[in-house]
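Student:
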Amino acid sequence: MACRQFDMAADAINLPEALRARTKYPRRSMTVSLPIKRDDGRIAVFEAYRVQHNLSTGPAKGGIRFHQDVTIGEVAALAMWMSWKCSLAGLPYGGAKGGVVVDPRTLSLAELERVSRRYMQELIPFIGPQIDIPAPDVGTNEQIMGWMMDTYSNHIGRLEPAIVTGKPVALGGSQGRREATGRGVAYVTKTLLDERKIALAKTTVAVQGFGNVGAETALAMSEYGAKVIAISDYTGGIYNKKGVDVRKALEYVKYNRTLKDFDGGDAMDNEELLTLPCTVLAPCALERVITDKNAKKLKCRIIAEGANGPTTNAADKILEKTDIEIIPDVLANSGGVIVSYFEWLQNLQSYYWTRDEVMAKLNTMLDKAWFSVEAQRRKMKFSRRLAALTLGISRVADAKAARGLFP
Ligand code: NAD
Numbered sequence: 011m012a013c014r015q016f017d018m019a020a021d022a023i024n025l026p027e028a029l030r031a032r033t034k035y036p037r038r039s040m041t042v043s044l045p046i047k048r049d050d051g052r053i054a055v056f057e058a059y060r061v062q063h064n065l066s067t068g069p070a071k072g073g074i075r076f077h078q079d080v081t082i083g084e085v086a087a088l089a090m091w092m093s094w095k096c097s098l099a100g101l102p103y104g105g106a107k108g109g110v111v112v113d114p115r116t117l118s119l120a121e122l123e124r125v126s127r128r129y130m131q132e133l134i135p136f137i138g139p140q141i142d143i144p145a146p147d148v149g150t151n152e153q154i155m156g157w158m159m160d161t162y163s164n165h166i167g168r169l170e171p172a173i174v175t176g177k178p179v180a181l182g183g184s185q186g187r188r189e190a191t192g193r194g195v196a197y198v199t200k201t202l203l204d205e206r207k208i209a210l211a212k213t214t215v216a217v218q219g220f221g222n223v224g225a226e227t228a229l230a231m232s233e234y235g236a237k238v239i240a241i242s243d244y245t246g247g248i249y250n251k252k253g254v255d256v257r258k259a260l261e262y263v264k265y266n267r268t269l270k271d272f273d274g275g276d277a278m279d280n281e282e283l284l285t286l287p288c289t290v291l292a293p294c295a296l297e298r299v300i301t302d303k304n305a306k307k308l309k310c311r312i313i314a315e316g317a318n319g320p321t322t323n324a325a326d327k328i329l330e331k332t333d334i335e336i337i338p339d340v341l342a343n344s345g346g347v348i349v350s351y352f353e354w355l356q357n358l359q360s361y362y363w364t365r366d367e368v369m370a371k372l373n374t375m376l377d378k379a380w381f382s383v384e385a386q387r388r389k390m391k392f393s394r395r396l397a398a399l400t401l402g403i404s405r406v407a408d409a410k411a412a413r414g415l416f417p
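In the working numbering, the protein residues as written are 11 to 417.
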C-alpha cells in the first residue's frame with residue numbers, strides 16, 4: 011500500500027527515474043531475536059524489527075509497535091510514511107519504525123520490561139541520538155520508553171535522554187508529548203471545519219481506537235465543543251447520540267484497561283462505528299480499516315486519519331468520487347513526531363519548555379504543514395493525500411539529489 015502510494019506520487023510529480031528506487035526502498039532493515047526469561051523460568055524468543063527508511067535528511071525517527079500481528083513489511087511501510095511525515099512537517103529527520111511480534115497484554119510487567127530492555131540492547135549498535143531515535147507507537151508507552159532510555163544510558167555509562175522520545179516527564183520527556191498526536195489530529199480537523207464554516211457545536215465525531223491517539227483526539231474535540239457520539243477499542247464500541255462523556259471513559263479505561271462494559275452509552279461494534287452518520291470520523295487504531303468493502307457506506311463529512319494507513323488505496327479511489335474530505339495520516343497525526351522533535355531538542359539542550367510553549371509551537375508547525383498541503387492541492391489539482399505525499403517525497407528526493415551518490 012505504501013509502495014503503491016509512492017509510485018502514484020512519483021508519477022504525479024515526474025520524479026526522475028534515477029531517484030525513484032533510492033527514495034523508495036529502506037536504507038536498512040533489521041530483524042533481531044529477543045530471548046526473554048518468562049516469570050516461570052521458561053525461555054521465550056520474540057522476533058523484532060527496526061527499519062530505517064531514510065537517513066539522508068537527518069537521524070531516523072519513528073515509533074516502536076508491540077503487537078502480535080507485526081510483520082517486517084508493516085514496519086517498512088510505517089517507516090516509509092514516517093519519512094514523508096517528517097519531511098512534510100519540515101523536521102530534520104528521516105523515517106524509521108520498529109516492532110516486536112508480541113501481544114503485550116500476555117506479558118507480566120516484569121516480562122514487558124525484559125522484552126523492552128532486550129529490544130533496546132539489540133538495537134544499540136544501530137541507533138543513537140544522531141542516528142535513529144525511537145518513540146512509542148501501538149502497544150508501547152512512556153514507561154517502556156523510560157526502560158529503553160535507562161538500558162541505553164547504562165550501556166554507554168552516562169545519561170542519554172535524547173535516545174528516545176515519549177519518555178516520562180521525570181526522565182526528560184516533553185510537556186505535552188502524551189497528548190500531542192491526538193491534539194494535533196483535533197487541531198487540523200478544527201482548521202478544516204473552520205474553513206468549511208461547520209460550527210463545532212454542530213459537529214459530531216466518531217473515534218475508532220481509544221489508546222493514546224484516539225482518546226486524546228476525542229478529548230480535544232469535545233473540549234473544542236464538538237459532540238463525540240462514538241468511541242471504541244479492540245473490545246468494541248460505545249454509542250451515545252447525546253454525546254459520550256470522554257473524561258469518564260478515560261477514567262474507566264484507567265482502571266479497567268478497556269472500554270468493555272463501560273456504561274456511558276449503547277454497545278456497538280467497530281465496523282458499525284465506521285459507517286455511523288457523523289461529521290468527523292477519526293480512525294485512530296490500526297491500518298486498513300476503511301476498505302473498498304465499506305467505503306461506499308461511510309456517512310461522514312471528514313475523515314481525520316489519526317492512525318497510520320487506515321484507508322486502503324482502493325477505498326481512496328471510491329472516496330475521491332464523494333464529497334467526503336480526508337485529512338491524510340502524514341498530515342493529521344504529525345503532531346506526535348513534531349512534539350517528539352521538541353523533546354529531542356530539549357534533551358540536547360538540557361533546557362525545558364512549558365506546556366503552553368510546546369502547544370503554541372506545535373500549532374504553528376501544524377499550520378505551516380496544513381497551508382503547504384492546501385497550496386499544493388490547489389496548484390496541482392491533487393487530492394489532499396497526494397498533495398501531502400508529493401511534498402514529503404519531493405523534499406526527500408531533492409535532498410538525495412543534492413547530496414549526490416557516494417562513492
Ligand atoms: P495505542 O496502543 O495507545 O492504542 C491503540 C488503540 O486501538 C487501543 O484502544 C486498542 O484497543 C485499539 N484497537 C486495536 N485494535 C483495534 C481494532 N481492531 N478495532 C478497534 N480498535 C482497536 O496506540 P496509539 O499510539 O494510540 O496508536 C494508534 C494509531 O496511531 C496507530 O496507527 C499508530 O501508528 C498511530 N500513531 C501513533 C502516534 C503516537 O504518538 N502514539 C503518532 C502517530 C500515529
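Just so you know, even glycine gets a beta-carbon here, dropped at the ideal spot from N, CA and C.
Remember, it's a predicted structure, so these values are computed and weren't measured experimentally.
Just to check, is the beta-carbon of Gln185 closer than 7 Å to a non-hydrogen atom of the ligand NAD?
Tutor: No, the ligand NAD has no heavy atom inside 7 Å of this Cβ.
Student: Can you grab the Cα-Cα spacing for the pair Arg365 / Pro178, in whole Å?
Tutor: For Arg365 and Pro178, the distance between alpha carbons rounds to 14 Å.
Student: To the nearest angstrom, how far is it from the Cα of Ile241 to the Cα of Leu286?
Tutor: For Ile241 and Leu286, the distance between alpha carbons rounds to 11 Å.
Student: For Asp243, which beta-bridge partners are listed by DSSP?
Tutor: In the DSSP output, where bridge partners are listed per residue, Asp243 has Gly246.
Student: Do three or more CB pairs link the segment 139-146 to the segment 58-71 at distances below 8 Å?
Tutor: Result yes; three or more Cβ-Cβ pairs closer than 8 Å.
Student: Would you say the beta carbon of Ser39 comes nearer than 7 Å to a heavy atom of the ligand NAD?
Tutor: Incorrect: Ser39 has no Cβ contact closer than 7 Å to the ligand NAD.
Student: What do you reckon, is the C-beta of Gln218 under 7 Å from a heavy atom of the ligand NAD?
Tutor: Flag set: Cβ of Gln218 near the ligand NAD.
Student: Please confirm if the segment 321-336 is in contact with the segment 148-161, defined as three or more CB-CB distances below 8 Å between the two stretches.
Tutor: At 8 Å Cβ cutoff, the stretches do not touch.
Student: Just checking my contact of Val254 with Ile248 at CB under 8 Å: how many whole Å lie between their CB atoms?
Tutor: Their Cβ separation, rounded to whole angstroms, is 6 Å, which keeps Val254 and Ile248 in contact under 8 Å.
Student: Is Glu297 near the ligand NAD, judged by its Cβ being under 7 Å from some heavy atom?
Tutor: Yes.
Student: Just reading off the alpha helix (DSSP H) that Val148 is part of, what are its end residues?
Tutor: That residue, Val148, is in no alpha helix (DSSP H); it is neither H nor E in DSSP.
Student: In three-state DSSP terms, what is Arg30?
Tutor: Of the three classes helix, strand and coil, the one that applies to Arg30 here is helix, per DSSP.
Student: So, Leu284 versus Asn304, is the Cβ gap smaller than 8 Å?
Tutor: Yes.
Student: Given a threshold of 16 other Cβ atoms within 10 Å of its Cβ, counted over all protein chains shown, does Thr213 qualify as buried or as exposed?
Tutor: That one is buried.
Student: At 3 residues or longer, what runs of the beta strand (DSSP E) sit wholly inside the segment 247-319?
Tutor: Those beta strand (DSSP E) runs which fall completely within the segment 247-319 and span 3+ residues are 276-278, 290-293 and 312-314.
Student: Quick check on the DSSP output: the alpha helix (DSSP H) that includes Glu84 runs from which residue to which?
Tutor: Taken as a continuous stretch (DSSP letters only), the alpha helix (DSSP H) holding Glu84 covers Ile82 to Ala99.
Student: Below 7 Å CB to CB, which residues in the same chain sit around Leu181 once its five sequence neighbours on both sides are set aside?
Tutor: So the qualifying residues of the chain are Gly156, Met159 and Pro171.
Student: With DSSP collapsed to three states, give me the class of Pro171.
Tutor: Correct three-state label for Pro171: helix.
Student: Compute the distance between the beta-carbons of Val85 and Gly108, then report whether it is under 8 Å.
Tutor: It is a contact, given that the beta carbons lie within the stated cut-off.
Student: Flag Asp113 as yes when its Cβ comes closer than 7 Å to any non-hydrogen atom of the ligand NAD, and as no otherwise.
Tutor: Asp113 Cβ: outside cutoff for every heavy atom of the ligand NAD.
Student: Leaving out five residues before and five after Thr191 in sequence, what residues of the same chain have Cβ atoms less than 6 Å from its Cβ?
Tutor: Only Val223, Asn343, Gly345 and Gly346 meet the Cβ criterion.
Student: Any idea what DSSP makes of Gln78, helix, strand or coil?
Tutor: DSSP places Gln78 in coil when its eight states are reduced to three.
Student: Under 8 Å by Cβ, that's how I've got Leu341 and Ala398 pegged, so tell me the actual separation to the nearest angstrom.
Tutor: The Cβ separation is near 5 Å, so the contact holds.
Student: Are the segment 44-60 and the segment 110-120 touching by the rule of at least three beta carbon pairs closer than 8 Å?
Tutor: With a cut-off of 8 Å, the segment 110-120 and the segment 44-60 count as touching, because enough Cβ pairs lie within range.
Student: Runs of 3 residues minimum, wholly inside the segment 185-220: which ones carry the beta strand (DSSP E) assignment?
Tutor: 214-218, all fully within the segment 185-220.
Student: Taking C-beta to C-beta, are Ser243 and Thr227 nearer than 8 Å?
Tutor: The residue asked about is misnamed: residue 243 is Asp in this sequence, not Ser. Not in contact: Asp243 and Thr227 (Cβ atoms no closer than 8 Å).
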